[in-house]
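In the order they appear, the protein sequences are chains A and B.
Here the numbering used here is used: the first residue of the first sequence is 18, the next is one more, and so on.
Here the numbering used here is used: the first residue of the second sequence is 22, the next is one more, and so on.
Beta carbons: idealized from backbone N, C-alpha and C, even for Gly.
What you are looking at is a predicted structure, and each value in this text was computed from that prediction instead of being measured.
A quick write-up on the structure given underneath.
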Amino acid sequence: MDSIFGLQGSDFVIVACDGSIAHSILKIKETEDKILKLDDHKIFGISGEGADRNSFGELVHKNHCLIRYKTGGYMNLKETAHFVRSMYAQAIRSRDGPHQCNGLLGGVDQDGTPSLYWLDYLGSLQKITRGAQGYANYFLLGLLDNQYKPNLTKEEGIEIIKKCIKELQTRFLIAQNKFIVKIVTKQGIETFTI
Amino acid sequence: MIDFDPSTFGLAHTYQKEDKDEINTLRMPSAPQVIYKSLNGPTQTNGGNKLNNFKHGTTTLGFVFKEGILIAVDSRASMGSFLSSEQVRKVIEINEYLLGTMAGGAADCQYWLAYLANHCRTYELKNGSKLSVAAASKFLQGILIGYKNSGLSMGCMIAGTDLSGQHLYYIDNDGMRLKGDIFSVGSGSTYAYGVLDNHYKYDMSVNEAVELGIRAIYHATHRDTASGGVVRVYHIHQNGWTKVHDGLDVVDLHYQFAQQKGLVGDGDEAKQRLF
C-alpha cells in the first residue's frame with residue numbers, strides 16, 4: 018500500500034513517499050521515511066512490507082558503501098542502478114525467493130545530469146522521467162504524463178509533486194496524510210514533509 | 022502388585038463391579054492441561070480473514086513524552102472463551118534500563134526477550150558500556166528476520182534509556198522494526214489508540230502520563246473481551262525504569278471512572294425500559 022512516486026527535471030530529481038505503516042486496519046506510524054539516502058546525491062525510495070523494505074534497503078546501502086570503498090569512492094547513477102538491479106535479479110531464484118519490494122532510484126551525477134530509475138522486485142530496470150510504484154501508479158501516471166514537460170525547473174517539479182499528493186489524498190481510498198519528499202540537486206539532498 | 026485404594030486418586034465413583042481385576046493396577050490421573058500455551062487461545066487460522074488478525078488477546082501500549090516513556094499493559098490470558106489467567110506479567114524486565122512488552126505468543130516473547138537480555142549483559146561485560154536501545158532492538162529484529170515465516174508470533178515493544186535519551190521501538194515477527202512515539206499492540210490496541218491519540222501531548226507530567234496510560238488500557242479492557250485483569254504501569258526515565266503500578270484492577274477502575282462522571286457504572290446509561 019505504499020505510494021512512491023518521482024519526477025526528473027532539468028537538473029534535479031524528486032522522489033516522494035507516503036509516511037504510513039499499516040497493520041491490518043491500523044496505521045501504526047505516519048512519519049516513516051521510506052526513501053533511503055545512499056550517498057549525498059542518490060536516493061532510493063522503496064515500497065514493500067516493513068521487514069523486506071527495511072532489510073533490502075540496508076543490504077543495498079551497505080553493499081553500495083562496500084563497493085565504493087573497494088573501487089575508490091564514487092559510483093555514478095547508472096552503475097548504482099545496475100548494481101541494485103543485479104541484487105534483485107540474484108535473489109529471484111534463490112532459496113528465500115525474490116526481495117519483496119519495488120523501488121525508485123534517483124539522483125544526480127557529478128556532472129549535474131539527473132536520472133531516475135524504476136526497479137522491480139524481479140529485477141526489471143528502466144530509466145524514466147516520471148513514474149510511481151504501487152497503487153500510486155493508477156492515480157498518478159495520468160497526472161504526471163499530463164503535467165510533465167522537458168526541462169522542468171525545481172519549482173515546477175515541486176508544484177507537480179504537490180498536485181500528485183493532493184490527487185492521492187482526494188481519490189485514494191487509503192488516507193495518506195503525511196508525505197515525505199526528497200529532492201536531489203547538484204548541491205545535495207533536501208527533505209521536507211507535506 | 023501395588024495395592025492402591027481406588028479412592029486415592031478420586032476415581033472411586035467411576036469403578037464398575039466388573040473392573041475388580043483392575044483395581045490393583047496403578048491408575049494415574051491424566052496430566053493437567055497446558056494452561057500457558059499462548060496468549061491467543063487455540064491456534065486456528067481465520068481462513069484468510071487477515072483484516073482482524075491482531076496480535077492476539079492483549080492490550081499493551083507505550084508512548085514517549087517529555088519525562089521519558091510510559092508503558093502500560095493489561096494482564097489477561099485467554100484460551101478461547103476460557104480465561105486461563107488474569108495475572109500475567111506482560112512487561113518483561115530485560116535489565117535495569119530496558120523493558121520489553123509481550124503480545125502474541127507468550128513463549129516466543131519470553132524466550133527471545135530473555136535471549137536479548139543475555140546478549141545485552143554479554144555486550145556490557147565485553148565492551149564495558151551498555152548496549153543502546155537502538156542496537157538492542159536491531160539485534161532482536163535480526164533474529165526475527167531469520168525466523169521469518171516459521172511461525173513465531175510476537176508483537177513486542179522495546180523501550181529503554183541510553184546515553185542519547187529514552188527510545189521506543191516496535192518489533193514484530195515479520196521482522197519489522199519501527200521507531201516511534203506512540204504504539205499500542207494487541208487485540209485491544211484500536212480502543213487504546215482512540216483514547217491515546219485524543220489526550221496525548223508531549224509535554225505531559227509523569228502523573229498525567231500515568232493517568233493516560235491507565236485510562237487507555239481500561240477502555241481497551243472494557244470493550245475487548247480478550248483484554249482485562251489488572252493494569253501494570255512502568256515509567257522509563259534517564260536513570261532506568263520504575264514500576265509505577267503493579268496491579269490496578271480494571272473492574273475497580275470502571276466504577277471509579279463512572280463515579281467521576283456521576284454515573285453508577287451498571288451500563289444502563291440509556292435507561293432502557295423494556296416494560
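Chain A places a beta carbon closer than 8 Å to that of residue 191 of chain B, counting this residue as a contact. Contact note: residue 23 of chain A does not reach chain B at a C-beta cutoff of 9 Å; the least C-beta distance is about 24 Å. Across the structure, residue 154 of chain B and residue 115 of chain B are spaced so that their CA atoms are roughly 11 Å apart. Linking residue 185 of chain B to residue 116 of chain A through their CA atoms gives a straight-line distance of about 33 Å.
Per the coordinates, the alpha-carbon of residue 273 of chain B lies some 15 Å from the alpha-carbon of residue 108 of chain B. Annotation: Cβ neighbours of residue 45 of chain A in chain B (cutoff 8 Å, chain order): 191, 199, 201, 204. Beta-bridge pairing by DSSP links residue 115 of chain A to no other residue. Spanning the alpha carbons of residue 285 of chain B and residue 279 of chain B requires a straight line of approximately 6 Å. Chain-order list of chain B residues neighbouring residue 67 of chain A: 193, 195, 196, 197, 198, 199, by C-beta distance under 9 Å. Annotation: residue 154 of chain B is outside any beta strand (DSSP E); the continuous alpha helix (DSSP H) that includes it extends over 154 to 167. Secondary structure within the stretch 42 to 89 of chain A: the beta strand (DSSP E) runs of 3 or more consecutive residues, fully enclosed, are 43 to 46, 52 to 56, 59 to 65 (chain order). Looking at the DSSP output, residue 205 of chain B shares a beta bridge with B/82. The beta carbons of residue 271 of chain B and residue 237 of chain B sit about 12 Å from each other, so the pair does not count as a contact at 8 Å. CA-CA distance, residue 31 of chain A to residue 160 of chain B, rounds to 33 Å. Per DSSP, the unbroken beta strand (DSSP E) holding residue 133 of chain A starts and ends at 131 to 136. Put simply, the CB of residue 96 of chain A is far from chain B, with every gap to its CB atoms at 8 Å or more. Listed in chain order, the non-local C-beta contacts of residue 85 of chain A below 8 Å within the same chain comprise 56, 91, 92, local neighbours out to five positions each way being set aside. For residue 213 of chain B, the uninterrupted alpha helix (DSSP H) run begins and ends at 210 to 220, by DSSP. DSSP, reduced to helix, strand and coil, places residue 91 of chain A outside both helices and strands of the structure shown, so it counts as coil. With fewer than 16 neighbouring CB atoms inside 10 Å of its own CB, residue 167 of chain A falls in the exposed class. Scanning B/183, B/182, B/205 for the CA closest to the CA of residue 191 of chain B turns up B/205. Residues of the stretch 169 to 184 of chain B that bring their beta carbon within less than 8 Å of a beta carbon in chain A comprise 169, in sequence order. In this structure the stretch 140 to 150 of chain A does not touch the stretch 37 to 44 of chain A; the number of beta carbon pairs closer than 8 Å is below three.
Contact annotation: residue 121 of chain B and residue 176 of chain B have beta-carbon atoms that are not nearer than 8 Å. Under the Cβ distance rule, residue 210 of chain B counts among the residues neighbouring chain A, one pair being separated by less than 8 Å.
Contact check for residue 182 of chain A against residue 206 of chain A fails: the beta carbons are separated by 8 Å or more.
When the five nearest sequence neighbours on each side are left out, the beta carbons in the same chain lying within less than 8 Å of the beta carbon of residue 97 of chain B are those of 78, 79, 104, 106, 107, 109, 242, 247, 248, 249, 250, in order along the chain. Nearest C-alpha to residue 187 of chain B among B/211, B/141, B/167, B/201: B/201. At least one CB of chain A lies nearer than 8 Å to the CB of residue 166 of chain B. For residue 200 of chain A, no CB of chain B lies under 8 Å from its own CB, so it is not counted at the interface with that chain. With respect to residue 86 of chain B, residue 180 of chain B sits apart: the two C-beta atoms are not nearer than 8 Å. Using a Cβ-Cβ cut-off of 7 Å, residue 38 of chain A is close to 199 of chain B, given in chain order.
Only exposed fits residue 135 of chain B, as fewer than 16 other CB atoms lie within 10 angstroms of its CB. Taking the beta carbon of residue 64 of chain A as reference, no residue of chain B falls within 7 Å; the closest one sits roughly 14 Å away.
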